[in-house]
Amino acid sequence: MAEAIRIIGIDPGLRRTGWGIVESLGNSLRFIASGTVKSDDKAALATRLCQLHDGLAEVLHAAMPHEAAVEQTFVNKDAVATLKL
Numbered sequence: 041m042a043e044a045i046r047i048i049g050i051d052p053g054l055r056r057t058g059w060g061i062v063e064s065l066g067n068s069l070r071f072i073a074s075g076t077v078k079s080d081d082k083a084a085l086a087t088r089l090c091q092l093h094d095g096l097a098e099v100l101h102a103a104m105p106h107e108a109a110v111e112q113t114f115v116n117k118d119a120v121a122t123l124k125l
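Number 125 marks the last residue of the sequence shown (this note's numbering); no jumps.
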């Protein structure tokens with residue numbers, strides 16, 4: 041019997057990074073969990089990136105996904121902020 045593949049999808053952002061986890065088995069998908077990792081928007085950029093890293097690392101450790109997909113970054117009005125991601 042085939043084993044389910046656990047996939048995490050990540051929607052990156054400096055204020056909030058969203059994530060969702062599904063399992064794929066054959067042609068079916070099953071929702072597992074979703075949430076956001078938040079950073080302190082008043083903190084220095086390096087601190088915010090560490091907060092996001094630590095939060096995502098916690099999710100990855102708990103969920104143990106087999107694969108990951110990251111939403112493609114787009115350029116908005118503030119190109120500098122986009123490049124920081």
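All C-beta atoms in this analysis are idealised placements derived from N, C-alpha and C, irrespective of residue type, glycine included.
Asked	Found
Rounded separation between R158 and S79 - CA only	Residue 158 lies beyond the range of the chain shown here (41 to 125); nothing can be said about it.
Whole-angstrom C-beta distance between E107 and I61, which should lie under 8 Å	Actually they do not touch by this definition, with Cβ atoms about 11 Å apart.
The stretch 86-98 / the stretch 63-70 touching (three or more Cβ pairs under 8 Å)	no
DSSP three-state assignment for L65, whether helix, strand or coil	strand
Buried or exposed by the 16-neighbour rule on C-beta atoms within 10 Å, applied to V120	exposed
Residue of Q112, A109, C90 and T76 minimising C-alpha distance to V99	T76
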